[in-house]
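J.: Under our numbering, the first residue of the sequence shown carries the number 561, and numbering increases by one thereafter.
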Amino acid sequence: MLTRRTLLTGGAAAVGAYGVGFGLSGVRGTARAASEPVIIETTFADVPIMAPNATQKAMTYRSSSLSADLMPPTLRIKRGEPFSARLVNRLDEPTTIHWHGLRIPNAVDGVPFLTQPYVYPGDSFDYTFSAPDAGTFWYHPHCNTLTQMGRGLTGMLIVEDAADPVFDAEIALNLRDWRLGGDGQFIEQFKARDAAKSGTFGTVRTANWTIEPSYDAPTGGLVRLRLVASDVTRLYNLRLEGADAVIVALDGQPLPSPAALGMATLSPGQRLDLVVRMPASEGSVAQLVDVRPSTPKIVARFRATGASLTRTLEDVPPLSPNAPVEYDLGSATEIPLVLSATAEQASVESICGTLGYSFWAINKKPWPGDTDDPTAPLAEMKLGRTYLINLENVTPHAHPIHLHGMNFVPVSSSKQVVTKLPSDTYLVLPDEKVQLALVADNPGDWVLHCHIIEHQKTGMTSYVRVI
Ligand code: C2O
Ligand code: CU
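1) Run through the DSSP bridge pairs and tell me what Arg765 is partnered with.
2) List in chain order the residues whose CB is within less than 6 Å of at least one heavy atom of the ligand CU.
3) Along the chain, where does the alpha helix (DSSP H) that runs through Gly710 open and close?
4) Taking Cβ to Cβ, would you say Val719 is nearer than 9 Å to Phe697?
5) Across which residues does DSSP place Leu948 in a beta bridge pair?
6) For the ligand C2O, is there a heavy atom less than 8 Å away from the beta-carbon of Trp738?
7) Along the chain, where does the alpha helix (DSSP H) containing His660 start, and where does it finish?
8) Can Gly781 be considered in contact with the ligand C2O, in the sense that its beta carbon sits closer than 8 Å to one or more heavy atoms?
9) Can you determine whether any heavy atom of the ligand C2O sits closer than 8 Å to the C-beta of Gly1004, and answer yes or no?
10) Please classify Asn950 as buried or exposed, where buried requires at least 16 other C-beta atoms within 10 Å of its C-beta.
11) Any heavy atom of the ligand C2O inside 8 Å of the beta-carbon of Trp920?
12) What is the DSSP secondary structure of Arg646, counted as helix, strand or coil?
13) Using CA atoms only, rank isn't needed, just tell me which of Phe673, Gly712, Val808, Thr602 is closest to Pro681.
14) With a Cβ-Cβ cutoff of 9 Å, do Glu1014 and Phe750 count as a contact?
15) With Ala819 as the anchor, note down where its beta strand (DSSP E) starts and where it stops.
16) Give the secondary structure of Glu601 by DSSP, where H, G and I count as helix, E and B as strand, and everything else as coil.
17) Which residues in the same chain have their Cβ closer than 7 Å to the Cβ of Leu740, if we skip the five residues on either side of it in sequence?
18) So is Arg837 buried or exposed if we call it buried at 16+ other beta carbons inside 10 Å?
19) In the DSSP assignment, what are the bridge partners of Asp669?
20) Return yes when the C-beta of Val1007 is under 8 Å from any heavy atom of the ligand C2O, and no when it is not.
21) From Gly965 to Val671, what does the alpha carbon distance come to, in whole angstroms?
22) Shorter than 8 Å, the distance from the beta carbon of Gly829 to the closest heavy atom of the ligand C2O, or not?
23) Kindly indicate the opening and closing residues of the beta strand (DSSP E) around His957.
24) So the candidates are Phe862, Asp791, Asp888; which of them puts its Cα closest to the Cα of Gly843?
25) Do you know offhand how far Val988's Cα is from Met1020's?
26) So what does Pro878 bridge to, in DSSP terms?
27) DSSP state of Ile1013, grouped into three classes?
28) Does Ala809 come out as helix, strand or coil in the three-state DSSP assignment?
29) With DSSP as the reference, identify every bridge partner of His700, one or two as the case may be.
30) Among all the DSSP beta bridges, which residues are the ones paired with Asn797?
31) Does the beta-carbon of Arg650 have 16 or more other beta-carbons within 10 angstroms, so that it is buried, or is it exposed?
32) For the alpha helix (DSSP H) holding Ala755, just list the boundary residues, first then last.
33) Per the contact definition of three or more C-beta pairs closer than 8 Å, is the segment 798 to 808 in contact with the segment 818 to 825?
34) I need the straight-line Cα distance from Phe968 to Val885, nearest angstrom please.
35) Do Pro654 and Asn704 count as a contact pair if the criterion is CB distance below 9 Å?
36) Given a threshold of 16 other Cβ atoms within 10 Å of its Cβ, counted over all protein chains shown, does Ser585 qualify as buried or as exposed?
Below, the structure is given as structure tokens:
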């Protein structure tokens, strides 16, 4: 039986050997003091997504001290330790960074006008915080997001904890699509008729900006696979073929004990941490597959290399838990939150990437989204009190609803067995009613929106105020 201790000692070398190029490049960032920010530049880049033509004018985050890759660096920070990033905007339009899933102060949440000014071209903004939860998170702009995220601005953020078990390898995969034509160039980012349904899908699927990438990992070894769905539209139904795996965390939050992976749904904004037991024979290949489309698509391949380590999934320890949400249902104030379609399709005035339509509503109101004159919040919450969001989806589409700044716990659903784990993003199914409990423990104005960005930008966004 492999204990956490043997995993810790046995795993370290293999991580170095197999981890290069997929995530460990961020390690150097962890040694920095808060006074010495990591420089993260938003820039245009021509990127080789589809051979042979480079895709012109993609957008990316570059951090020369962390990674030479074209794709945004996977940032690695330590739980509870100060981290400081300086966003330097080299685009020709304003931007910001939102740290998705991190429970950090409102002033560094990255929502233009609600929490900070625009970062104009040539300007910079310092984000300093320490992350209270360990796990898999991500970062992206909160400004003109359909374009900026659609063109590349989505990166992974891993919060490490000293108590994290170490596995034989670790692979971080950023799952997203691109809307490219046959010549590899960007095409219109959305179609209005699709925005009014499930959203407009990309034409080219990638993991880590690569079509069907392949990774080597130790034969018979245990690999921690960190996945984020950073696409603006796509939901995945993930299965693993040719190997077994357990789920160890959902949306960055550890499961009390690892659960066998059958099929896991991952919707925009959500994360999934798996531990994969690599095939026992060298050269064998396991593949992660999205079975949601009628023809399943390969997401990534993992090839067993080297002599077998003969680990088993029973060796996988639970991850150490993050802070629970200490809600008190007896004293909870209920907040209705009804998601619906709206008949009104007029353009809503906004300055941060509204698409010119409204198709969706929260509590019957199509919200204008990012604006320099926000309307009243959806709800005002008192610091420290418990709230129960009665979320009801009366549309025929699924919506990944994301709350900034605080975690909630789904406590009951009309359609699914809820895991009762803390989370920041809940995929509400068509006609589902779900109750999300939270403690209003983080003061400020916090956005709550659908993470299908076309829905967010055509009415399905709002915010709550904690005072
Ligand atoms: Cu992933 Cu409002 O954010
Ligand atoms: Cu939606």
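All residues carry an ideal CB built from backbone N, CA and C; glycine is no exception.
T.: According to the structure data:
1) Answer is Asp737, bridged to Arg765.
2) For the ligand CU, the selected residues are His959, Cys1010, Ile1012, His1015, Met1020.
3) Per DSSP, Gly710 belongs to the alpha helix (DSSP H) from 705 to 710.
4) Annotated as proximal: Val719 and Phe697, with beta-carbon spacing under 9 Å.
5) Glu894, Ala997.
6) No.
7) In the DSSP assignment, His660 falls outside any alpha helix (DSSP H) and lies within the beta strand (DSSP E) extending over 658 to 660.
8) Incorrect: Gly781 has no Cβ contact closer than 8 Å to the ligand C2O.
9) No, since every heavy atom of the ligand C2O falls outside the 8 Å radius drawn around the Cβ of Gly1004.
10) Counting C-beta atoms within 10 angstroms of its own C-beta, Asn950 has fewer than 16 neighbours from the protein chains shown and is therefore classed as exposed.
11) No, the Cβ of Trp920 stays beyond 8 Å of every heavy atom of the ligand C2O.
12) Assignment of Arg646 by DSSP, reduced to helix, strand and coil, places it in the strand class.
13) The shortest C-alpha separation from Pro681 is found at Thr602.
14) Annotated as proximal: Glu1014 and Phe750, with beta-carbon spacing under 9 Å.
15) Here the beta strand (DSSP E) through Ala819 covers 813 to 820.
16) Strand.
17) Hits under 7 Å: Ile609, Met610, Thr615, Phe746, Ile747, Thr763, Val764.
18) Residue environment: Arg837 is assigned as buried (16 or more neighbouring CB atoms within 10 Å of its CB, all protein chains considered).
19) According to DSSP, which records beta bridges pairwise, Asp669 is partnered with nothing at all.
20) At least one heavy atom of the ligand C2O is nearer than 8 Å to the Cβ of Val1007, so yes.
21) Whole-angstrom Cα-Cα distance: 11 Å.
22) Within the cutoff, so yes.
23) No residue range can be given for His957, since it is assigned to no beta strand (DSSP E) and is classified by DSSP as neither H nor E.
24) Of the candidates Phe862, Asp791, Asp888, the residue whose Cα lies closest to the Cα of Gly843 is Phe862.
25) Cα to Cα, the separation comes out at about 13 Å.
26) Looking at the DSSP assignment, Pro878 forms no beta bridge with any residue, so it has no partner.
27) It is helical.
28) Residue state, collapsed to three classes: strand.
29) Bridge partners of His700 according to DSSP: His658.
30) In the DSSP assignment, the residues bridged to Asn797 are Thr825.
31) Flag for Arg650 reads exposed.
32) Secondary structure note for Ala755: its alpha helix (DSSP H) is the uninterrupted segment 752 to 755.
33) Touching, per the Cβ criterion.
34) Approximately 7 Å, taken between the alpha carbons.
35) Yes; because the gap between Cβ atoms is below 9 Å, this pair is in contact.
36) For Ser585, the predicted model reports a pLDDT of 33, less than 50, meaning its position is unreliable and no value from the coordinates is stated.
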